[in-house]
Amino acid sequence: MHMRVAARDPVLLALVALGLLLAPWFLIGPGGTTTSWVVQATLDVLMVYFAWRLTRHPEMTAPGRRFWRVALIAFASCAVGDLYQCLLVLTHPGTTRISLVQTAFVVIGMATVVVATLQHPLGGVGRQRLRLWFDAATVLTGIAVFLWSFLLAEELGGKQDTDRWAASATAVVMLLISFGVLKLILSGTAPFTRFAGAAAALGVAGTALAAPITTGLVGEPGPGLMIVVQLAPCVLTTAAVRLQQLQAGLLAQRMPGELGPRSSRLPYLAVIATQVLLLWSLSGGEMTSRVWGVAAGAVLITALVLGRQQVAFRDNERLLGELRSLHDELRRQATHDALTGLPNRVLLHRRLQESAAGSVSMLLIDLDGFKQVNDEHGHHAGDLVLQAVAERLTGLLGAGEVAARLGGDEFAVLLPGVGADEAAKLAERIAVVVAEPMMIDGHWLAVGASVGVATGEPGEGDGLLREADALMYRRKKARKAGGTALADGPSGLASAHHQRR
C-alpha cells in the first residue's frame, strides 16, 4: 500500500525525473554552475521540510522523533551553507570557488548527521549489539577498500595536499554516515524503513565516491561531469527522505518480534568481494600502494570476521546453556509440585515402577482442618502450611524413600523395601509430627493428618494408591467420629497386606 502511494507521489516522481535529467542537462545542455547551486539549495530546503514533517508525524516513535530532530538540524545547517553559496554565485557571476562559510556549515551538518546515526538506540542487548557493530564495520571496511582501490590510491601521490585532504576528509565523513545508516538498518530499530535507508545509504556512499572526482583527484573531469556526480547523490538522498515521509506509518506497524538486530548477508558479501579484489590486485605482480591498501583492508576484514565469530561462539555456548537449563526446568516442572518442590504423581509412579522386587509400602496422607485454615487465614497461609508439612515429611524419610504431593492437601509417601509394621510406625510418627503447631504469618496454626497405609508389590502401583486412599478416608471418618487418625491400628494394616497377597 505504502509503495503504491510512493509510486504515485508527484514530489517523488519529480525527484526521479530530476535525477534522470541531470546528465543531459549539465553534460550537453545549458546547465552550469549557477543552475547547479540553485538545484542544490532547493534539494536542501526540501530535505529540511521533509525532516520537519517527520518530526511531527503522529505515528513516529519517541526515539525516531529525536533522530529526525537532529537530522533536521543537520539538513538546516547544510541548507544555510548551500544557500549562502547560491546567493554568492547569483550576485557574483563567474564565481567558482567554494566559500569558507559554505564549507563550515556543511561540515557542521555532516557531523550532526554522524551524531544522529551513531546515538540512535539499537535493538537487542550486550553481545547482540557487539555483533551488530562488527557486521557494520565489516561492510564499511569493504566499501573503503574499494574506494581506495579504484579512486584514491593511484592519484593521491601527484596531487596537492589541500586537494588530498579535502577529498579524504569528505570521503571519511560520508563513510562514517554510511556506517551509521548501515548500523541502523542492521539493528532492526532504524527510524526509517529499509527502502528509505538503502536509498539514503546509496546517496551518502555516492557522495563519498564523488569526492575524489569533484576535487580533481581522479583524472581531469569537465565541469559538467563534476556537477552531475555531485548532484546525483543529493537527489537520491532527498528522494530517500521523501520516501521515508511517505512510509512513516510503517514504523509504528513493527511487531515486537521484528525489533532487534537481524541477520544480514551484507558482511559476508563484503568479505567475499574484498578477497576477490585482493586476488585481482595481486595478479598484476607489482606491490603498489593500491595493492598494499587492499591487502591491509583484507587483513582488517579478516580480523573483524574472527572477532564476530568469537562473539557468535560465545553466544551459542550461552544459548545452549540456557536451553539446557530450560530443559531441566521444564522436566522438573513436569515431575515436581510447583508449591512445595516435592515430586508429583507422575514421578511417584515412576519411582514406584523403579522399585526393586519385594515389599513396598504406600502412605496416603490427607490434612485435617486445612480448609478451615484457608477460610480463616487466606490461601497464602494455606500455601505456607502445605510447604511446612512438605518439609516435615521430608525430614522424616530416609534414603530411597519418596514424599510426593498429589494435589490439594493430599500427600503420599513411597517406602521401597518397607513392610507393613514399619510403615504403620512411620504413619503414626507422621501423624504426630504434622499435628505439631506451626507459626504462620504471626499465628500458631495446627492441622491434623489422616494416614492410610497399604503394602504390596512394586507392580501394584495403582492398586496400592487406591487401597491407601480407601484406608485413609476410613480413618478420616473414624477421626471425625471421635477416634484417632490411625483407628484401625497396625493389625488392620497387616490384615490388608495379607489380603492383597
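Note that my numbering gives residue 3 to position 18 of the sequence shown, counting from 1, and the numbers run on in steps of one. In this text, a Cβ means the ideal position worked out from N, Cα and C, and glycines have one as well. In this text the structure is predicted, and so the values were computed from the model without any measurement.
If you draw a 10 Å sphere on the C-beta of residue 77, you find fewer than 16 other C-beta atoms in it, and that means exposed. Taking residue 91 as reference, the option from 119, 56, 349, 105 with the minimal CA-CA separation is 56. Within the DSSP bridge table, the entry for residue 268 names no partner. Within the same chain, and ignoring the five residues on either side of residue 229 in sequence, the residues whose Cβ sits closer than 6 Å to its Cβ are 177, 181. Excluding five sequence positions before and after residue 429, the CB atoms of its chain that fall closer than 6 Å to its own CB belong to 422, given in chain order. Residue 128 carries a helical assignment under DSSP once its states are collapsed to helix, strand and coil.
Here residue 432 is near residue 353, since their CB atoms are less than 9 Å apart. Between the beta-carbon of residue 215 and that of residue 185 there is about 17 Å, and that puts the pair past the 8 Å contact cut. For residue 124 against residue 161, the beta-carbon gap comes to about 13 Å, at or over 8 Å, which does not count as contact.
As the crow flies, the alpha-carbon of residue 179 is around 48 Å from that of residue 320. Contact check between the stretch 433 to 440 and the stretch 341 to 351: three or more CB pairs, one atom from each, fall below 8 Å, which counts as touching. For residue 104 and residue 212, the gap between their C-alpha atoms comes out near 33 Å. Between the alpha carbons of residue 273 and residue 133 lies a distance of about 12 Å. Here residue 435 carries a strand assignment [DSSP, helix/strand/coil]. About 40 Å separates the beta carbon of residue 287 from that of residue 0, a gap too long to meet the 8 Å contact definition. With fewer than 16 other CB atoms across the displayed protein chains lying within 10 angstroms of its CB, residue 426 is exposed. With contacts defined by Cβ atoms closer than 9 Å, residue 405 and residue 440 form a contacting pair. With distances taken between CA atoms, residue 372 lies nearest to 323 out of 101, 460, 323. Apart from the 5 residues on each side of it in sequence, residue 93 sits with its Cβ closer than 7 Å to the Cβ of 62 in its chain, given in chain order. Residues 219, 220, 223 of the same chain have their beta carbon placed closer than 7 Å to that of residue 28, with the five preceding and five following residues left out of the count. Within the same chain, Cβ atoms closer than 6 Å to the Cβ of residue 69 are found at 86, 87, the five residues on either side in sequence being excluded. In chain order, 40 place their CB closer than 6 Å to the CB of residue 54, counting only its own chain and leaving out the 5 sequence neighbours on each side. A straight-line Cα-Cα distance of about 14 Å links residue 420 and residue 381.
Listed in chain order, the non-local C-beta contacts of residue 192 below 7 Å within the same chain comprise 159, 218, local neighbours out to five positions each way being set aside.
Annotation for residue 451: no residue places its beta carbon closer than 6 Å to its own, counting only its chain and skipping 5 residues before and after.
DSSP, read as helix, strand or coil, puts residue 83 in coil. With a threshold of 16 other beta carbon atoms within 10 Å, residue 252 meets it and is buried. Here residue 386 is buried, its C-beta having at least 16 other C-beta atoms within 10 Å.
In the structure shown, residue 389 falls within a strand segment according to DSSP collapsed to helix, strand and coil. The C-beta distance from residue 119 to residue 289 rounds to 6 Å, short enough to fall under 8 Å. For residue -5, the uninterrupted alpha helix (DSSP H) segment begins and ends at -5 to 8.
The C-beta separation of residue 169 from residue 126 comes to about 18 Å, leaving the pair out of contact by the 8 Å criterion. By DSSP's assignment, residue 398 forms a beta bridge with 348, 388.
By the neighbour-count definition (other C-beta atoms within 10 Å, threshold 16), residue 410 is an exposed residue. Each residue's CA atom was taken as its position, placing residue 96 and residue 265 some 35 Å apart. Straight-line spacing of the CA atoms in residue 43 and residue 59 works out to 22 Å.
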